[in-house]
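Some notes on the structure that comes next.
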Amino acid sequence: MFFISVINTFFKDDLGNINFLGKLAISLLIFISVYIITKVINKIIDRTILNRKTITTNEATNRIRTMIETIKKTIKYLLFFFAIIIVLDLFGVNTATLITTLGIGGFALTFGAQSLVKDMITGFFILVENQYSVGDYVQIGSKEGIVEELGIRITKIRDFSGELHIIPNGSITEVTNKTRGGMRALIKVSVAYEEDLDHVIDVLNRIAEEFKQNDKIIDGPNVLGVTQLGSSGIEVTIVAKTLPMEQWAIERNLRKRIKEEFEKEDIEIPYQKIVIIGGEKS
Amino acid sequence: MFFISVINTFFKDDLGNINFLGKLAISLLIFISVYIITKVINKIIDRTILNRKTITTNEATNRIRTMIETIKKTIKYLLFFFAIIIVLDLFGVNTATLITTLGIGGFALTFGAQSLVKDMITGFFILVENQYSVGDYVQIGSKEGIVEELGIRITKIRDFSGELHIIPNGSITEVTNKTRGGMRALIKVSVAYEEDLDHVIDVLNRIAEEFKQNDKIIDGPNVLGVTQLGSSGIEVTIVAKTLPMEQWAIERNLRKRIKEEFEKEDIEIPYQKIVIIGGEKS
Amino acid sequence: MFFISVINTFFKDDLGNINFLGKLAISLLIFISVYIITKVINKIIDRTILNRKTITTNEATNRIRTMIETIKKTIKYLLFFFAIIIVLDLFGVNTATLITTLGIGGFALTFGAQSLVKDMITGFFILVENQYSVGDYVQIGSKEGIVEELGIRITKIRDFSGELHIIPNGSITEVTNKTRGGMRALIKVSVAYEEDLDHVIDVLNRIAEEFKQNDKIIDGPNVLGVTQLGSSGIEVTIVAKTLPMEQWAIERNLRKRIKEEFEKEDIEIPYQKIVIIGGEKS
Amino acid sequence: MFFISVINTFFKDDLGNINFLGKLAISLLIFISVYIITKVINKIIDRTILNRKTITTNEATNRIRTMIETIKKTIKYLLFFFAIIIVLDLFGVNTATLITTLGIGGFALTFGAQSLVKDMITGFFILVENQYSVGDYVQIGSKEGIVEELGIRITKIRDFSGELHIIPNGSITEVTNKTRGGMRALIKVSVAYEEDLDHVIDVLNRIAEEFKQNDKIIDGPNVLGVTQLGSSGIEVTIVAKTLPMEQWAIERNLRKRIKEEFEKEDIEIPYQKIVIIGGEKS
Amino acid sequence: MFFISVINTFFKDDLGNINFLGKLAISLLIFISVYIITKVINKIIDRTILNRKTITTNEATNRIRTMIETIKKTIKYLLFFFAIIIVLDLFGVNTATLITTLGIGGFALTFGAQSLVKDMITGFFILVENQYSVGDYVQIGSKEGIVEELGIRITKIRDFSGELHIIPNGSITEVTNKTRGGMRALIKVSVAYEEDLDHVIDVLNRIAEEFKQNDKIIDGPNVLGVTQLGSSGIEVTIVAKTLPMEQWAIERNLRKRIKEEFEKEDIEIPYQKIVIIGGEKS
Amino acid sequence: MFFISVINTFFKDDLGNINFLGKLAISLLIFISVYIITKVINKIIDRTILNRKTITTNEATNRIRTMIETIKKTIKYLLFFFAIIIVLDLFGVNTATLITTLGIGGFALTFGAQSLVKDMITGFFILVENQYSVGDYVQIGSKEGIVEELGIRITKIRDFSGELHIIPNGSITEVTNKTRGGMRALIKVSVAYEEDLDHVIDVLNRIAEEFKQNDKIIDGPNVLGVTQLGSSGIEVTIVAKTLPMEQWAIERNLRKRIKEEFEKEDIEIPYQKIVIIGGEKS
Amino acid sequence: MFFISVINTFFKDDLGNINFLGKLAISLLIFISVYIITKVINKIIDRTILNRKTITTNEATNRIRTMIETIKKTIKYLLFFFAIIIVLDLFGVNTATLITTLGIGGFALTFGAQSLVKDMITGFFILVENQYSVGDYVQIGSKEGIVEELGIRITKIRDFSGELHIIPNGSITEVTNKTRGGMRALIKVSVAYEEDLDHVIDVLNRIAEEFKQNDKIIDGPNVLGVTQLGSSGIEVTIVAKTLPMEQWAIERNLRKRIKEEFEKEDIEIPYQKIVIIGGEKS
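Protein chains in written order, with my numbering: chain Y, 71 to 352; chain G, 71 to 352; chain B, 71 to 352; chain R, 71 to 352; chain F, 71 to 352; chain C, 71 to 352; chain W, 71 to 352.
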């Protein structure tokens, strides 16, 4: 009760309204509260985001830390801005105008900068979910290449042809990462209908056996069998599981060996074949 | 009536307005109410969502439980936020400013983070409706593979070629699940117009009979009949229903058998045929 | 007039304002009104929706009934929520804050969950308009198959190849139902330009006559006539109307018969024909 | 002036404010006004929409009448809803809450049910503008067939293949109606470069003359002339204008006659022609 | 000053507030003002739109006049609606409710009927800018034909094949008008590499000279020269500028003449040519 | 201080409120201020837009001037409209209603006429940035032709085939202007693998030397070298830089010369070549 | 306390309200504050944007400086506008009207000019992130060429064919920059199945060795191996890393050398090969 009487004596005027001194006191209180609230929010943010286990790479941690700093600052500025508005209002300045205009302005900006916000949110999730990191071979939309830079707003990937693709994160939806786990090398060989199928498969199995030693192959080449009865031959398929990025070299070597072995064994890889029938008329 | 007189004595000042003590009392009441309401809402959420029978897998149950916890916390924080606003207002702080700015800010955020919200809502329904679970072979848009991770925001599926596709749930509309029930193995064979059709169908029926023993086949291969009078032969179709993921092996084996049997029976699988007519002129 | 004096005595204080007792009385009145209004609305909903004649299947009726219950509950909760707000306001609590935040929150949610609402509205109309029901063979977008489940949010259709397509109702626009009424079996046969067209049509008519007995055919096969003067022959078309889902079998049988009969009658189904002209030069 | 004094005496209390009786009187006045306004609006609607001359079919008239009834009822309910709000406000109930929530709710609903509203508006215009009616052969997007049902929300068209396409009106933009006025039968015939063009055109003209008798043909077949100097012959085109839906039969008959006549006159319809030049090397 | 004392005496009550009589007077003033404003606005609209020189056809003038009348009426009703609201407000009725609900309703309607508004705005500009008129041969999107009706909401064009395309104006963006100015007839002729190019061009020039007399040709056919060194001959191109809609007939006649003249001059229009080289092996 | 006492005497009534005369004076002041502000804004607009150096053509200057006049008028009307609202408010008329309705109306209109506004803004930038002007040969989307009219809302371009494309400016994004700087003439010639490549390049260089004299060629034709090892020959490419719109004629002449020279030098431009290998079987 | 008494004496009237003089004093204070705030904001902007290290080119620095000036001015004008509104309000002018209308107007404009804002934001990021600069060879969407101008709203790129593409920055998403780092020259050569593969690879390696001297090649040509077992030959691939823009010339030279060397070594680059099988019948 004493507290109240103190308030009444010092901070209220004769009509019971809060006087200038009282308003100053309240202002002070508001600014202190805002300061404390800011500290509390910072703590919460740190705990929620930084302790996630998925963030393993140092690079990602650094980027996210930068991002969090930006978010913290934005919140701090916003809260002090509110404090100022409330204090101004306390001293009788008309703040409605300010608020309305700022609100509409903010809306307009949001509307215009929508894709920017989207870029950053998507970028944040790519980092936190570790969808890909620098050095991975990825496909994003119709572009593929090695990730050179993974920014908050854009991702840069470099094509095998040397071209540098710069992609805003917001336009990334489906990502295909080709360096997470073993990749498949796949060879399709056509042989003529006239060949003995069992002989062909024997020869292919022999080649497969050779390649099983190769330590870039995780799961040795297997002859799958007849995958198509095509218009100019029978298609036989061989697959192997290799270390990432090694599949193309393995495929090239396998193709060369098959060509050589087929030549030796006299198995024909068929050109297009046409049966000609002599017609009458004229 | 006594209750009212108590209120009048302690909580109102001489002008009949609620005094500082009264305001404190009301504040207390508000916070207690909010606490109770929070508890009630939690109960309702638990009952509505967790008792659904479609949620069978343990993994899904865990994920949904995590999600519900997040929703509950959000509601709790929001309600206490309202309580604070009402109390501040009670003590005469201008809260309109705060509300307006927060409102517009919230709108702006919603606008920007729209796809994030969509990701999570779709992810929630994929889980609850059990559209697919880890290990299923699915097709989503143009990507297909085995589901490796089914998160609240993203789904990861791994291609047969080893590529890892990371798809935000919000961009998933039509899902094709290929491991729910038996799959179809289908072989189309072309034979020349010169062949005796009944003989061809007899041979195919004999092969089908052989395969009926195979326990990976649910519904034995059936010869459907003539499915096309094509430009270089008659197309005959054979179908079988197999265990999921076994259809490709069955198809490969069927193709090999047909090739061998046709060779034995002297049935021609035709190359492209052209009738040549000698023209005059020049 | 007596009524008014009663009100004045009990429910108004000395200044003519409504006193605490009066406010309690009004609150009671509001809650009773809301209760009555709820009942009336329920009646109206039942009458408008459930009496429609298009809802024939039991399954649809059950689903719609579930849906209506949800709608009724939502309305009831909303009305009581209004009542609480009005009563709180009556007792002097600042409710503007609550309303604004809830409004913006609701808007944000609507924005995010837009596709969910769309799914359910479309699902509701598919049921009420009986666009398809479980067991129908339908095509939705690029997927076709037999409807396995027709839910409020999703439709499941199973392909002939055994794949299960899960389609959110909201992404369904055009539906093609292939089991409402007879389907067409259609065969196009090419014959060489050298054949006697009248003879060909006679033979086809004879085959058509045979098939007219088949009780899976609603409207006997008819020879339409010459539908194309193509680059390697004259295309003649035969059509029949069959029971739904039987068109493919009929087509296969017709094709087999035509092939056999043409062989007997020595009518050539042409391979691609090329006129070769010997050029000079070199 | 007397009128005013009456008002002052009966409907105002001592402070010059409107008393309870006055409020009742005003309420009555409001309800009566709303009733009259409703009647006037109904009249206006009837006059504006129903008197249009384009609405010729009975079916359309019925559907539109049903629709108008719905609109009228909606307006009536809305107006009485306003009346109730104003009266409640008059008696001092806080209605702002109600309005705000209803407003946001309405907005949310509009947002979700947007496509429903669009379906109905488009359906309305299809009826009023008589774009097509039941029995017409139309093409809508990629689907074509005979209109089976023209509803306010959906249109059902049946394909020649027996498939029933169900299309929401809102997704209809361009409509192609193929039963409004005569249709064109068009035949393109290729003849070899070696033929005498004048002779070919004479023969075609003779056939055209024959068909001019046919009463399903509105504008007799005309030989247009050389429409392409193609890679394997000269293309000559014949067109006729026929009764709707008869164009295909006319085309089939014309094709048969041309084939027969060309055979008689020894005009060659060319197969693909290739000039072979013997090369050297190897 | 006298004017003010009159106002004070008659239109104000003892407390200086405007009395009932004063309110009536103000109401009258408002309605008169609205009437005058309406007239002024009508004048402005007439002057701005109707005096444009681009509106030449009578038909367009009529349609625009109808449209303007609708706009004028809409403005008149809106202004009187405002007047009524202001007057109601003057007499103390709470109009905020009405305004809010109408506002939201209007928004909802706009949202739903968006495409309707767009149809009419686009239709208006097509008329005013005279993009096409009835009888023109136009291409809109993928449809082309002769304009049969140019409405405010839809455009009807009739295809050469007799099909009637009904296109909502709002879905029209790019319009191609083919009857504004002369059209091009273009013939591409292939001749063998063995021909003497100068001789070919001489012959074509001679044919061009013949056609220069034709009064349907604005700018005589010109031989452009060698436009492609193709895989089976040299392509030479001839162009002419003709009256609109006559280009096809001119092209057909030119093609016929070229064929006849080339035959006379023994210039070969080549079939596809292939050099055959005898390979070894097998 | 004197100024204040004058104000108090004349413009305030006994209660210190502003009297009728004061209100009239304020109104006058407002209108004068608005007039001055209008003048100032006009000046600013003129200076900012008209002094840009990019606006070179007279035609563009005229169009922009017209546009600026429209903008100025709009601003003037808006400002006077504000003045009237403020004055009405000053005299106690309720203007909130008016504002709200106008606001919503304006929003609705914006929403509907969105594409109109977009057309004009884009049109403005095309003019100011001088993207193209009348007479330029441009490609916009899939249409190309010579610009006939560059309006504020639409652009008209005329195709070489005489067709007039009318494109709303708002649907223009990427513009390709083909008359800004020299254009490239490019000829690709195929020669058989049997030819001596150095000889071919010598001959082409000789032809290029001839054409270097031509004053329509900016940068003489250069033989680039072997651009493809194709399936039926080696592709050699020649490029030249020509005056705009002259590239096609240059290309045609180059092609004719190459053909003649190759004939003289006995270099073969190859037809499609096929190696035929005699197979066994049957 | 003295300060307060001064305020009370000079700036308040008898009723304790702020008098005219006080209002003038407050106005002055507001304008001074706004001036100071402007200066502070300018400092912050300069520090945040201009000190970034990525902005290396002078040209970009200039453009960004211009842009920042515009932003600064906009902020200054906005702040003074707020100041004026607050002062007007202080003196009792109704400013709500002004604010509302300006707000809606601003919204409408934003809506219409959305793409303009997007153009400028994207343009800003292209500059700051140095995605490309004048002279770079880039691909944007389907257009590629050398950047001629990099404006805030549009980018101009010139095609090799001389065409000038004008692209609004807002429609740029993915950018491919082809002048950042070495580019790949890639040659695919087909050889017949009959060739000795080891010999072919030897010859290619010899050619590669020659080219390693070329200082436009960063990483010498390497023979990758067999990249396809095609239908008419074995495809062998050679790659090299070159200076940007030099890859095409390197490719042309490599192709010429390979052709010459193969001729010398008698390695056949195969035409299309077909195996012909003589059929019976007729």
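Glycine included, every Cβ here is placed at the ideal spot set by N, Cα and C.
Whole-angstrom distance between residue j and residue i, CA atom to CA atom
| i | j | result |
| --- | --- | --- |
| residue 239(G) | residue 204(G) | 14 Å |
| residue 220(Y) | residue 192(Y) | 12 Å |
| residue 96(R) | residue 154(R) | 12 Å |
| residue 157(G) | residue 104(G) | 12 Å |
| residue 337(B) | residue 298(G) | 18 Å |
| residue 244(B) | residue 267(F) | 57 Å |
| residue 345(C) | residue 303(R) | 27 Å |
| residue 261(B) | residue 342(B) | 11 Å |
| residue 142(F) | residue 115(R) | 19 Å |
| residue 90(W) | residue 195(C) | 48 Å |
| residue 212(W) | residue 210(C) | 13 Å |
| residue 109(R) | residue 256(B) | 59 Å |
Same chain, Cβ closer than 6 Å to residue i, neighbours up to 5 away in sequence not counted
| i | result |
| --- | --- |
| residue 258(Y) | 305, 307 |
| residue 202(F) | 208, 217, 247 |
Chain-order list of residues whose beta-carbon lies under 8 Å from that of residue i (same chain, five-residue window excluded)
| i | result |
| --- | --- |
| residue 274(C) | 259, 293, 306, 308, 328 |
For residue i, three-class secondary structure by DSSP
| i | result |
| --- | --- |
| residue 209(B) | strand |
| residue 255(C) | strand |
| residue 262(R) | coil |
| residue 311(R) | strand |
| residue 351(G) | Because residue 351(G) carries a pLDDT of 47, less than 50, the predicted location of this residue cannot be relied on, and no value is offered for it. |
| residue 323(B) | helix |
Proximal chain A residues relative to residue i, where beta-carbon distance stays under 8 Å
| i | result |
| --- | --- |
| residue 90(B) | The structure shown has no chain A; the protein chains it does contain are Y, G, B, R, F, C and W. |
Chain-order list of residues whose beta-carbon lies under 7 Å from that of residue i (same chain, five-residue window excluded)
| i | result |
| --- | --- |
| residue 35(G) | Nothing about residue 35(G) can be reported from this structure: the residues present for chain G run from 71 to 352 only. |
| residue 316(W) | 286 |
Query - Inter-stretch contact (C-beta, 8 Å, three-pair minimum) for the segment 209-226 of chain R and the segment 302-310 of chain B - result: no
Query raised in the report: Using Cβ-Cβ distances below 7 Å, what residues of the segment 272-294 of chain F are close to chain R?
Result: none
Report task. May I ask you to list, following chain order, the residues of the segment 307-339 of chain B that have a beta carbon less than 9 Å from some beta carbon of chain R? Result -> 307, 309, 311, 312, 314, 317
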